[in-house]
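Chains D and R, in that order, give the protein sequences.
Residue 131 in our numbering is what sits at position 131 of the first sequence, and the numbering runs on without skipping anything.
Residue 592 in our numbering is what sits at position 395 of the second sequence, and the numbering runs on without skipping anything.
Heads up: the structure comes next, in structure tokens.
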Amino acid sequence: MAAAAGGRTRPLGQRARSPERRERALIRAAQSGSVEALEQLFRRHWPRAHRAAYLVVRDSAAAEDIAQEAFLAAIRALDRFDRSRPFGPWLNRIVVNRAIDWSRARSLRREVSADAVPETVAPAAERPTTGGPYSDDVGQAIGSLSPEHRAVVVLRYLLEYTPGEIAELLELPRGTVNSRLRRALDTLGVGIAGTDT
Amino acid sequence: VNDTELRDRLRELPVPGEHEAEERAWRLVRAALERRDPVRRPTHRVRYALGAAAALVLVAVALTPPGAAIGRWIRDVVHPGRSDARPGLSSLPAPGRLLVTSSKGSWIVRRDGSKRLLGAYDDAGWSPQGLFVVATRGRQLVALEPGGTVRWSLARPDPVGDARWSPSGFRIAYLTGPRRGFEHQPSAPPGAQRSLRIVAGDGTGDRPLAPSVAEVAPAWRPRAVHVLAFSDRRGRIALVAADTGRRLWRSGTAEAPVQLAWSADGRRLLAVGKRSTRIFDAGGRLLRTLATPSRIPEATPVAAFATRGHAFALARGGPVAGQSEVVLLDAEQRSAPPRRLFAGAGAFDALAWSPDGRWLLVSWPSAGQWLFIRSADVSRIVAVSSISRQFDPGGALPQIPSIDGWCCAP
């Protein structure tokens, strides 16, 4: 991989670098066709991207599709990618926006359908049996939010963006982000407290 | 619940099938990387040189009128295509139906923009009245109705292609044999070459006409009974009576053409080559040779006679590096300067006149656009973008479709 990156034989990561510089090196190597570099990028960003998608759409198959598509879009745009910008926010923007779009589309389908199907965390067969003590409660509480509100919660508390960064990622006024965050937290606080007792 | 607890819970929440999903995704992402061609980036020294050159160009752009022209050219090269392009093909500007072939297969586009996929064919062509389509797929020659129903098919031992229906409707000429670069394929006998064959319009009487020909579609002479022009591998253009096999004339050796095209009245024949275009009269006399050099390696000149007279459109490399142009020429007027219809970055790969002769369709793969140029008034150009995607929906790497003909209305 390192050879592909710049003709050197030293494996990536042998020399201490800042995470940003290291990521830039990985992107450069991936642009040159290095599978190893791409795998490092993928393993670094997939878990959070997949989890973020799942928390917004509440559907494991859709979350997998969305995160997968975001990575494939990244591969398609790899040659044009500006290495001076961080990869994660770019990827997360795609994931979260697609997840919001998917959730909205599902809401529309549901409006058309005569059957009012209660939203569940996951199909019974794939519902997890292990996890944190409050995991399922959090899942249900998150599920009670709108996709837009879920997205800001995920961006703020899972992906750890500031409200300003979220506003930029979602192309929203900062005030809108703050109000969505406040409202979501209010709802979550009530929901989680209610099932916690 | 406070912020920290919420953060922890979101991180701990189990995602069903998390690890399996990751492995499935990784396999796909890896395959996607391996399918793409890596970009070769310039070395530091080259980058510095390019930077310095770019700085000089910017100064020129800022300070001088010629520089402004260079600036427009750079913008054109970086983002080829008309900025006013329509997002999709919603209709054709003139009566008739287009026949195009994408990686999905051959399509018919009606004037209202509706499309029908005929099937997975490699190339296709109209019958003279547009009542049928002749298409090829691997080793099969197929005649079908515009609705997609196959009327007959013919299988050959070698790949077939470049099928052309005669103006009478009673003959079809096509090429068969190993394609260029595939002469050594297992099924081909040693030394096998592309040959020209003829079959009747009903699929009967398939027979050879010429044993060794160039990889260029033959061209039936209009207003003549089964007279066919083709090129041999030495670039010699021959005109033969297809029913008897009698050779009427043959030109001298020259660059092998990439396209043969007759004027509508059958009195002029173009042999378009990569470096030059020859104009013949019906008797085989070479009237004129036009230089068609290209500064773009992937660009191949292409020509189309207008529906009346001897004017023809020619797409060729332009005077500016990296640009191509579409010009209107007249086969009769040696001294008349070419009239430029359009110029743009990259290459144009197909031209087709509307049946009424009022519009010229130009395929511009570098921009992913089709241009409909109103030939009587060149200021009117209708550009349509996203052509590749429309004819290869869902395709991983859609390419702009080839234009196989713009035929008569049904």
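Think of the CB as a built atom: it goes at the ideal place given N, C-alpha and C, for glycine as much as any other residue.
With a beta-carbon spacing of about 4 Å, ALA414 of chain R and ASP359 of chain R fall inside the 8 Å limit used to define contacts. Residue R:ARG204 holds the alpha-carbon nearest to the alpha-carbon of ALA52 of chain D among R:ASP553, R:ARG204 and R:GLY293. In the three-state reduction of the DSSP assignment, THR504 of chain R falls in the coil class. By the Cβ criterion, the region 390–406 of chain R is in contact with the region 434–444 of chain R, since at least three pairs of Cβ atoms, one from each stretch, lie closer than 8 Å. Approximately 7 Å separates the beta-carbon atoms of GLU215 of chain R and HIS50 of chain D; this is inside 8 Å, confirming the contact.
TRP349 of chain R places its beta carbon 9 Å or farther from that of GLY322 of chain R.
In this model, SER572 of chain R and ALA282 of chain R are separated by some 18 Å (Cα to Cα). Rounded to whole angstroms, the separation of the alpha carbons of SER392 of chain R and GLY398 of chain R is 19 Å. A Cβ-Cβ distance of about 19 Å is found for the pair ASP601 of chain R and VAL396 of chain R, leaving them out of contact under the 8 Å criterion. Between VAL410 of chain R and LEU372 of chain R the beta-carbon gap is near 7 Å, inside 8 Å, which marks them as a contact.
Relative to THR201 of chain R, the option among D:ALA105, D:LEU158 and D:SER103 whose CA is nearest is D:LEU158. Annotation: the continuous beta strand (DSSP E) that includes GLY302 of chain R extends over 302–306. The criterion of a C-beta distance shorter than 9 Å is not satisfied by ARG308 of chain R and PRO325 of chain R. Look at ALA451 of chain R here: in three-state DSSP terms it is coil, with no helix or strand label.
Ranked by Cα distance from ARG394 of chain R, the first of R:GLY449, R:LEU286, R:ARG420 and R:GLY442 is R:GLY442. In summary, VAL524 of chain R is buried, with 16 or more beta-carbon neighbours lying within 10 Å of its beta-carbon over all protein chains present. The contact set of ARG204 of chain R on chain D, defined by CB atoms closer than 7 Å, consists of TYR157 in chain order. Contact between SER532 of chain R and PHE545 of chain R is ruled out by a C-beta separation of about 26 Å, above the 8 Å threshold. Identification of chain D residues near ALA229 of chain R by a Cβ-Cβ cut-off of 7 Å yields LEU72 and ILE75, ordered along the chain.
For CYS604 of chain R, DSSP records a beta bridge to R:ARG294. Straight-line measurement puts the Cα of SER299 of chain R at about 11 Å from the Cα of LEU315 of chain R. Rounded to the nearest whole angstrom, the C-alpha separation of ALA70 of chain D and TRP90 of chain D is 10 Å. Secondary structure note for GLY322 of chain R: it is in no alpha helix (DSSP H), and the uninterrupted beta strand (DSSP E) holding it is 320–323. Within chain R, no C-beta atom comes nearer than 7 Å to that of GLU23 of chain D; the closest sits roughly 16 Å away.
Taking a C-beta distance under 9 Å as the contact criterion, ALA461 of chain R and PHE427 of chain R do not qualify as a contact pair. Annotation for ASP65 of chain D: the continuous alpha helix (DSSP H) segment containing it runs 60–76.
Proximity of TYR161 of chain D to chain R, defined by a Cβ-Cβ separation below 9 Å, is not satisfied. Judged by beta-carbon spacing, PRO47 of chain D lies beyond the 9 Å limit of ILE100 of chain D, meaning their Cβ atoms are not closer than that value. Of the other Cβ atoms in all chains shown, 16 or more fall within 10 Å of the Cβ of VAL95 of chain D; this residue is therefore buried. The beta-carbon of GLY214 of chain R is placed less than 9 Å from the nearest beta-carbon of chain D. ALA451 of chain R sits away from GLY480 of chain R, with the two beta carbons spaced by 9 Å or more.
Using a Cβ-Cβ cut-off of 8 Å, ALA30 of chain D is close to LEU230 of chain R, given in chain order. Under the 10 Å beta carbon count, ALA229 of chain R is surrounded by 16 or more other beta carbons and is classified as buried.
DSSP places GLN326 of chain R outside both helix and strand once states are collapsed to three, so it counts as coil. Only residues of its own chain outside the window of five on either side were considered, and among them GLU23, LEU26, ILE27, ALA30 and PHE87 have a CB closer than 8 Å to the CB of LEU41 of chain D, listed in chain order. In the three-state DSSP reduction, TYR371 of chain R falls in the strand class (E or B).
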